[in-house]
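Mapped onto the working numbering, the consecutive letters of the sequence shown carry residue numbers 126 to 848. Note that beta-carbon positions come from the ideal geometry of N, C-alpha and C, so glycine has one too. Nothing here was measured: the structure is a model prediction, and the numbers come from that model.
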Amino acid sequence: MGTENRPETPPPGPLPIRRLHESLINRIAAGEIIHRPASALKELIENSLDAGATSIRVVVKDGGMKLLQIQDNGCGIRKADLPLLAERFTTSKLSTFSDLSALTTYGFRGEALASISHVAHLSAVTKTKSDSCAWKASYSDGVPVPSKAGQTPDPKPCAGNDGTTLTIEDLFYNTPTRLSALRSSSEEYARILDVMTKYAVHNPNVSFVCKKAGSSSPELSTPSSSDITQTIRLLYGHTIAKELVHITSSSETNDEHGGDDDPESWTAEAYFTNANYQAKKTVFLLFINHRLVESPRIKRSIESVYSGVLPKGASPFVYLSINIHPRSVDVNVHPTKREVHFLNEEAITEKISDSIQSKLVGQSQSRVFEYQTLLTGGIAEASTKTRRGKEKQKEIEDDDAGGDESQESQPKEPKKILSQHKIRTSMKDRTLESMIPVVDPSRVDISNIDEPSPSAAPAREVKESECYLSSVTELRASVRKGKHHYLTEIIEKHIFVGIVDLPRSLSLIQHSTKLYLVNHGALAEELFYQLALRQFGDYSRIKLDPPPPLRTLVKLAVEAEEDTGRSGMSKEKIVDCIVKTLMDRRAMLLEYFSISITSEGDVETFPLLLRDYTPSLDKLPMFLMRLGPQVNWTSEKECFSSLMRELAYFYAPGPILNDSDHDSESTSLKDQEKQQEKSNKWKIQHVLFQAMRRYLIAPKSLLDKDVVQVASLSELYKVFERC
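Given below as structure tokens:
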């Protein structure tokens, strides 16, 4: 009802178009370029580098809002050019539009100093090598102004060194909204340090110094003669520097013809951390033609490379410098030149990411713990101490044997054992599990296994089969020859502590007074290889009922593979080759490995390597698929060895794939996954580690990254004593 009496408002008429005042235009433009003190400093640093400076000193007060001064030892500014210094679109970098296609300097528009003069009090002291003195000038709103009342705006002679000193005072004094939007002075100062740090890394031959006004010691200081690695170590710390990896990449034109004049030619250099380093936030330094820029596409591409190397939530450190032909780069796309556009961006990004990935793959993808050396060092030290202790004990016994009979008749007092040398658990202690049978929580139906039921028969010894093939005899001798005695003793007499990380296959075990972190997946793979070699030609069998078609299983695995283009064949052709290879060797697979494939192409059985342990049948298609290309069928010894390695890889427990996208209707599926995880943990503890104690002959290669000492009781006592 109220709307009936409301008067209708006439539509507004067109407003007149006015020409903005020159001062308002300049202030709007200044707001686009100078966002905060750090952006003003970035423009000034680039000007100093363009001037050929080898030393840049910055003084900051109140986060740069009260004072921001930058001093360099560059070529300086001529006195005749000082009246135009702060005027918009005055530059020495270009004269025609075509010069943009061959731009090799940082600045070119002539807006930085002009913008600063519109939002702050700007003064300059400069001297060229040919000048007998320095000249000082002050600016406001783009034009020279008198430094003091009653003086002229002309430059005044003063004392000074070669180069230029620019002083910015009271930044944003005439734009209170921008000033109030800034963060605290400490945060603005941190942004200034960040800008200087990045330019210092890219310019290791330039000395950078930054300090607060009134402070005697600088917050940042780098030498003028250094390299990128040393500068990163100085500015970002030894933790990052010691894990750095270096690569160079270039276009195919450069690789083949060295075509520097080709507009599509480019080169790139990167320093990045390997898998041993991880941080909460990515540190990404990107320079394109020596200009500090941002590129979300390049950053995402590199982060995707690290997603398969680092754990979830971890980030790397990456410094990347790309040099592209100036004709292929458009730097005039952002007022602050923070972003650039260049040709073939997607192809260049992909090739750089591939180079980084290849280098990371070549490195160890498992984290290296600092305690790694203690295991091998501890082995040598322990053996030396034991040998010396036995010799000393023998000398004491010899001395006692030559003593008085009265002394021999006296009972000897037991030697006191210090607390740090006491073993907290013992294999001789009887546990509840030895009194009460422990059953797999998700006991599978093993009626299809050609073995008696575990409830009906006790655990039996895995006997070594009789085999007179020289190749198998040599393989068994090689395993015994590669035995690492102390590591084998650790596995044989260990106490199982617990599973630390099931998806990453990490468990803790104790031996004597030391605690070890082990990769039970790698240990299990070596165990199953030795069990396969031990039972060669005399395996028990697991029957598949109904038997699945071989071709279907291989096709599933091939379809799951993404990178099959290198073979030059289609996926269907690959499936045909693998199936033909296995079908042609059915008799050998059945006789030696109990892998039964019918003439119709159905897989009936595969070997049982360890009683009470059934491998995940989800890996069966992959196992059969890998038998084609991964097994060396031309040499008997290599064939047996590689096939048993594939069998061990099939049996070894792998990471658990959890699907977090289940909805409320998949509660039963989640329960099954939890039950399967519980069953896997039980098998690892009660089946695999028990079998390792009895059968694993540990090779020295496991010390590289799969067995790591993480604690020692005696070392911990030393820490407690210091506390």
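Cβ-based burial, residue i [other Cβ within 10 Å; buried from 16]
i: GLY383; result: Caution is warranted here: a pLDDT of 47 is assigned to GLY383, below 50, making its placement in the model unreliable, and no coordinate value can be reported.
i: VAL833; result: buried
i: MET190; result: buried
i: ILE574; result: At ILE574, the pLDDT of 46 sits below 50, so the modelled position is not reliable and the matter cannot be decided from this model.
i: MET694; result: exposed
i: LEU658; result: buried
i: GLN800; result: exposed
i: PRO441; result: buried
i: PRO269; result: buried
i: HIS636; result: buried
i: LYS680; result: buried
i: ASP743; result: exposed
i: TYR593; result: exposed
i: CYS335; result: buried
i: HIS609; result: buried
i: ALA393; result: buried
Span separating the alpha-carbon of residue i from that of residue j
i: ASP727; j: MET708; result: 10 Å
i: LEU813; j: THR407; result: 39 Å
i: HIS160; j: LYS795; result: 51 Å
i: LEU838; j: ILE615; result: 16 Å
i: ALA165; j: SER272; result: 22 Å
i: PHE765; j: ILE809; result: 27 Å
i: GLY275; j: ASP187; result: 30 Å
i: SER432; j: PRO746; result: 26 Å
i: ILE703; j: ALA712; result: 16 Å
i: ILE142; j: PRO136; result: 18 Å
i: VAL486; j: GLU428; result: 15 Å
i: LYS167; j: PRO436; result: 35 Å
i: LEU225; j: VAL454; result: Since pLDDT at LEU225 reaches only 49, below the 50 mark, its modelled position is unreliable, and the value read off the structure follows with that caveat. Each residue's alpha carbon lies about 9 Å from the other.
i: VAL756; j: LYS830; result: 26 Å
i: ALA325; j: PHE409; result: 14 Å
i: LEU640; j: LEU633; result: 7 Å
i: PRO139; j: SER242; result: 36 Å
i: PHE661; j: SER590; result: 6 Å
i: GLY438; j: GLU729; result: 44 Å
i: TYR774; j: LEU631; result: 17 Å
i: CYS200; j: LYS476; result: 39 Å
i: PRO329; j: THR277; result: 42 Å
i: VAL185; j: ASP197; result: 15 Å
i: ASP279; j: SER305; result: 34 Å
i: LYS405; j: LEU627; result: 23 Å
i: TRP391; j: ALA647; result: 42 Å
Nearest candidate by alpha-carbon position, reference residue i, set the options
i: PRO449; options: GLU470, ASN414, TYR431, SER483; result: Position check: residue 449 holds Ile in this sequence, whereas Pro was assumed. Considering only alpha carbons, the answer is ASN414.
i: ILE620; options: ASN757, MET817, PRO280; result: MET817
i: SER350; options: SER180, GLU591, GLU651; result: SER180
i: GLY362; options: LYS639, THR373, LEU345; result: LEU345
i: THR474; options: ARG452, SER446, GLN488, PRO451; result: SER446
i: ARG819; options: GLU586, SER590, ALA205, HIS610; result: GLU586
i: ASP266; options: SER257, LYS618, ARG213, ALA259; result: ARG213
i: GLN355; options: GLU761, LEU631, HIS327; result: HIS327
i: PRO671; options: THR723, ILE699, SER630; result: THR723
i: THR481; options: GLU368, SER374, ALA682, PHE412; result: Here residue 481 is Ile; the residue named in the question, Thr, does not match the sequence. For the residues GLU368, SER374, ALA682, PHE412, the minimum Cα distance to ILE481 belongs to SER374.
i: CYS283; options: LEU307, CYS258, THR289; result: CYS258
i: ILE170; options: PHE467, THR706, LEU648, ARG416; result: ARG416
i: ARG666; options: LEU735, HIS645, ASP701, PHE412; result: LEU735
i: HIS371; options: GLN196, LEU678, SER483; result: SER483
Nearest-angstrom beta carbon gap, residue j and residue i [assumed within contact, 8 Å]
i: TYR444; j: TYR396; result: 5 Å
i: PRO732; j: LEU772; result: 7 Å
i: ILE650; j: ALA777; result: Reading off the sequence, residue 650 comes out as Glu, not Ile. Contact holds; Cβ gap of about 4 Å.
i: THR253; j: ARG182; result: Contact doesn't hold; Cβ gap of about 19 Å is too wide.
i: LEU827; j: GLN655; result: Not confirmed; about 12 Å, so no contact.
i: ILE357; j: ALA366; result: 5 Å
i: ARG422; j: GLU470; result: 7 Å
i: ASN299; j: VAL250; result: So it is not a contact: roughly 24 Å between Cβ atoms.
i: PRO162; j: LEU296; result: 6 Å
Per DSSP, cross-strand counterpart(s) of residue i
i: PHE297; result: Note: PHE297 sits in no beta bridge, so no partner.
i: SER341; result: The partner list for SER341 (beta bridge, DSSP) is empty, contrary to what the question assumes.
i: GLY623; result: LEU633
i: CYS283; result: ALA259
i: TYR396; result: HIS371, TYR444
i: PRO824; result: LYS608
i: SER346; result: VAL334
Cβ-heavy atom distance, residue i to the ligand PLP, below 7 Å
i: HIS619; result: As for the ligand PLP, it is missing from this structure, which has no ligand bound.
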